Amino acid sequence: MLAFLWRRIVSSALPLLVVILGVFFLARLTGDPANLYLPLSATPEMRAEFAARNGFDQPVVVQFFDYLGQIARLDFGESLRTAQPAAQAVLQAFPATLQLAGTTMLIAIVAAVVIGSLAAYRPNSLADRAASLLSSTSASVPDFWFAIMLVLVFSVTLNWLPTSGTDGTAAWVLPILTLLIRPFGVLVQVVRGSMVSALSAPYTKVARSKGADEKRVIFGHALRNAAAPALTVAGDLTVSMINGAVVVETIFGWPGIGKLMIDSILERDFAVLQAAVLLTALTIFALNILIDVCYALLDARVRQGVTA
Amino acid sequence: MSTTREAAPPSGAAAMEVDRLSVDVRTPEGTAHVVRDVSFTVRSGETLALLGESGCGKSMTAQAVAGFLEPVADVVGGEIRLNGSDLLALSAAARRRLAGPGLAIVFQDALTALNPVFTVGTQLAEPFRIHERLSRKAAKAKAVELMERVGIPEPRSRVDAYPHQFSGGMRQRLLIAMAVALRPSVLIADEPTTALDVTVQAQIMELLHDLRAEQDTALVLITHDLAVAAEHADHVAVMYAGSVVEAGPVGDVFADPRHPYTRGLLDSVPGSRNRGEPLRFIPGNPPDLRAVPTGCAFRTRCPIAREDCATHRPELSETGLGRAAACHYWKEAAHA
Ligand code: SF4
Chain A
448 MLAFLWRRIV SSALPLLVVI LGVFFLARLT GDPANLYLPL SATPEMRAEF
498 AARNGFDQPV VVQFFDYLGQ IARLDFGESL RTAQPAAQAV LQAFPATLQL
548 AGTTMLIAIV AAVVIGSLAA YRPNSLADRA ASLLSSTSAS VPDFWFAIML
598 VLVFSVTLNW LPTSGTDGTA AWVLPILTLL IRPFGVLVQV VRGSMVSALS
648 APYTKVARSK GADEKRVIFG HALRNAAAPA LTVAGDLTVS MINGAVVVET
698 IFGWPGIGKL MIDSILERDF AVLQAAVLLT ALTIFALNIL IDVCYALLDA
748 RVRQGVTA
Chain B
11 MSTTREAAPP SGAAAMEVDR LSVDVRTPEG TAHVVRDVSF TVRSGETLAL
61 LGESGCGKSM TAQAVAGFLE PVADVVGGEI RLNGSDLLAL SAAARRRLAG
111 PGLAIVFQDA LTALNPVFTV GTQLAEPFRI HERLSRKAAK AKAVELMERV
161 GIPEPRSRVD AYPHQFSGGM RQRLLIAMAV ALRPSVLIAD EPTTALDVTV
211 QAQIMELLHD LRAEQDTALV LITHDLAVAA EHADHVAVMY AGSVVEAGPV
261 GDVFADPRHP YTRGLLDSVP GSRNRGEPLR FIPGNPPDLR AVPTGCAFRT
311 RCPIAREDCA THRPELSETG LGRAAACHYW KEAAHA
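Going line by line, the protein sequences match chains A and B. Okay, so the first sequence: first residue is 448 according to the numbering used here, each after it adds one. Okay, so the second sequence: first residue is 11 according to the numbering used here, each after it adds one.
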């Protein structure tokens with residue numbers, strides 16, 4: 448198991464490095480921060496002083512290696528905007544995103560397992576067809592459009608739910624619904640598909656021939672087998688959800704990492720942007736490893752590197 | 011074909027009687043009558059071979075008896091009595107209680123019939139957990155015993171291994187172990203050796219044979235292999251196009267077939283009956299079960315068919331002591 452973990456960590460390290468590199472250079476393409484932070488009337492001396500203070504006077508490559516050195520010392524620089532340490536800004540925003548994404552994913556998985564299993568239990572039944580209509584619609588609705596419709600109906604017209612903020616349960620409803628819609632639809636389809644094949648697999652018949660009741664057959668034998676593909680997809684969906692948080696957080700004014708990223712791009716706040724992207728990448732990296740570990744725990748063949 | 015096996019063991023009580031069982035399968039092109047009025051009896055300590063080519067309805071019969079028909083298939087008539095009680099009249103829960111101690115089945119596909127994500131120990135312990143409510147530990151001890159009994163080497167260390175760590179033959183042994191865990195009155199083995207190589211096949215058949223004797227189980231052996239039936243069965247029921255066409259003690263039937271189909275089948279494999287003669291094959295193919303010929307289903311391929319074979323369906327009727335055939339002209343078939 449440890450060897451397995453180590454293999455996964457090493458093979459994920461390279462993409463992480465690419466991300467760090469990419470963000471660093473792309474951020475600098477957005478323009479010179481001095482234009483934003485200094486008055487139009489700033490003298491060349493003031494500009495030079497600003498650049499020197501923030502290290503912008505060095506060649507980009509030198510800046511990059513300095514930056515790597517800082518990261519190694521867990522120093523992520525300061526926000527240009529607030530002079531607050533970038534790490535602090537990012538860590539403050541991150542829990543809001545994690546809570547949102549975590550809650551959404553939990554709801555999506557539980558709902559998908561229940562609905563997908565029910566649908567798979569009797570393929571082509573009325574319940575199955577209803578589930579498939581619901582899930583295919585839900586998987587293909589564009590989330591930004593859905594978010595705007597939700598706001599129009601529930602906030603503007605009915606005035607039931609707030610359009611932004613994090614106060615109270617009501618504030619959670621619209622962001623969660625928006626984030627939920629696609630993963631839910633996709634997961635229902637994946638769970639249904641893998642449950643249909645698990646429920647018609649020979650080992651399911653064998654389980655029944657031993658006198659196992661339907662509960663044991665579905666949740667013991669079949670679901671455990673269906674869990675692996677569903678888990679892979681759930682992992683991918685979680686990753687894209689963390690990315691999708693940018694849209695949702697912007698629309699609903701959710702003070703998470705997505706909103707922080709957008710704000711720091713607009714403000715050319717390089718240190719914060721870099722720290723935010725790095726943390727997101729690290730989270731995704733950790734998530735992928737977590738998924739692999741779950742996968743290996745679920746299936747001995749993965750753990751032992753068998754491909755049969 | 012060997013007909014020199016020792017006399018059939020003294021017949022025990024009828025463990026299972028199947029009476030005029032019929033199964034239909036709904037297909038887009040119409041209803042197929044895949045099992046038509048199949049009757050047979052199997053006694054404790056005895057092996058009955060359900061013999062026939064693929065598509066003759068033998069596997070479907072087994073699935074119907076075990077209660078594992080696909081949703082498109084329905085039992086449309088008949089009774090299946092296990093130790094006297096009609097299985098088809100029981101509730102789902104009552105049938106579940108019999109699955110294991112009453113009736114067990116060994117499926118065809120040894121390679122996929124074990125659940126890949128659980129240890130074999132967990133799977134072997136399941137019958138004891140479900141039916142006898144044993145603790146995990148006690149059930150696992152039983153699992154080790156079972157593995158030992160079916161000839162798995164080092165059962166104590168291998169009980170925690172996963173199915174993919176066993177060979178095909180060993181997996182089939184594990185499946186058999188699971189099936190016989192609760193000493194079933196009736197054990198159905200559906201082509202139990204299909205996926206295995208020849209030497210392993212013989213060992214598996216030997217194991218089934220021994221277990222049957224040990225547990226006084228009634229064994230229903232579904233097979234297309236005449237040699238397997240000849241060697242391991244006491245009685246045989248030959249199926250064609252969904253019906254039993256001939257039944258009787260296996261030695262008698264193979265030495266002196268009384269249905270033209272059984273004859274054709276025996277003539278098409280090398281054996282003592284036709285030594286020195288060229289092999290003969292039955293002309294034509296089995297009928298489409300959505301459009302079975304009127305009268306006798308075999309008439310389109312039968313060398314001695316006459317006019318009334320097309321108008322009257324022959325019933326399975328007695329042709330001698332313990333023997334039956336479904337042919338109007340069985341006397342001619344016997345002496346042709
Ligand atoms: S009933 Fe007629 S057609 Fe059928 S097997 Fe006998 S002789 Fe042949």
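We treat Cβ as the ideally placed atom computed from N, Cα and C, and that holds for glycine. Keep in mind that this is a model prediction, so the values were computed, not measured.
- Taking the Cα positions, His668(A) is about 17 Å away from Ala171(B).
- For Gly65(B), no chain A residue has a C-beta closer than 7 Å to its own C-beta; the minimum C-beta separation is roughly 20 Å.
- Taking 8 Å as the CB threshold, Gly110(B) lines the interface with chain A.
- In the structure shown, Arg53(B) falls within a strand segment according to DSSP collapsed to helix, strand and coil.
- Tyr650(A) reaches chain B at Thr122, Ala123, Leu124, Asn125, Pro126, counting residues in chain order whose Cβ is nearer than 8 Å.
- Under the DSSP assignment, Gly88(B) falls in the beta strand (DSSP E) whose first and last residues are 83–92.
- Rounded to whole angstroms, Leu538(A) and Leu144(B) show a C-alpha spacing of 51 Å.
- Under DSSP, Asp96(B) takes part in a beta bridge, and its partners are Arg91(B).
- Taking C-beta atoms as the reference points, Val85(B) and Asp746(A) fail to come closer than 8 Å.
- At least one heavy atom of the ligand SF4 falls within 7 Å of the beta-carbon of Arg309(B).
- Rounded to whole angstroms, the Cβ separation of Val508(A) and Val724(A) is 19 Å, and the two are not in contact under 8 Å.
- Distances between the C-beta of Ala315(B) and the heavy atoms of the ligand SF4 include at least one below 7 Å.
- Residue burial is scored here from C-beta neighbours: Thr57(B) has at least 16 other C-beta atoms within 10 angstroms and is therefore classed as buried.
- The alpha helix (DSSP H) runs lying completely inside the region 615–656 of chain A and spanning 4 residues or more are 615–646, 649–656, given in chain order.
- With a cut-off of 7 Å, the C-beta of Pro297(B) is classified as distant from the ligand SF4, since no heavy atom of the ligand falls inside that distance.
- For Met180(B), the number of other beta carbons within 10 angstroms of its own is at least 16, and it is reported as buried.
- The ligand SF4 approaches Pro270(B) closely enough that one of its heavy atoms is under 7 Å from the residue's Cβ.
- Taking a beta-carbon distance threshold of 8 Å, Leu745(A) counts as an interface residue toward chain B.
- At a threshold of 7 Å, Tyr339(B) counts as near the ligand SF4, since its beta carbon sits closer than that to one of the ligand's heavy atoms.
- Not one heavy atom of the ligand SF4 is found less than 7 Å from the C-beta of Pro267(B).
- In the structure shown, Val160(B) falls within a coil segment according to DSSP collapsed to helix, strand and coil.
- Ala149(B) and Arg168(B) have their C-alpha atoms spaced approximately 15 Å apart.
- Classified as exposed, Phe291(B) has fewer than 16 neighbouring CB atoms from the shown chains inside 10 Å of its CB.
- The alpha helix (DSSP H) runs of length 4 or more contained entirely in the region 669–755 of chain A are, from start to end of the chain, 670–699, 704–713, 717–745, 747–750.
- Using a CB distance cut-off of 8 Å, Ala673(A) does not count as an interface residue toward chain B.
- Secondary structure of Ala237(B) (DSSP, three-state): helix.
- The closest CA to that of Val82(B), considering only Pro38(B), Ala109(B), Gly94(B), is found on Pro38(B).
- Ala76(B) reaches chain A at Ser656, counting residues in chain order whose Cβ is nearer than 7 Å.
- Exposed is the label assigned to Gly549(A), since fewer than 16 other Cβ atoms lie within 10 Å of its Cβ.
- Interface criterion not met: the Cβ of Ala149(B) is under 8 Å from no Cβ in chain A.
- The C-alpha of Asp220(B) lies about 30 Å from the C-alpha of Gly252(B).
- Using a Cβ distance threshold of 8 Å, Val635(A) and Gly691(A) do not count as a contacting pair.
- For Thr529(A), there is no enclosing beta strand (DSSP E), as DSSP gives it neither H nor E.
- In this model, Glu89(B) and Glu27(B) are separated by some 8 Å (Cα to Cα).
- By DSSP's assignment, Glu27(B) forms a beta bridge with Thr51(B), Arg91(B).
- Interface criterion met: the Cβ of Val653(A) is under 8 Å from a Cβ in chain B.
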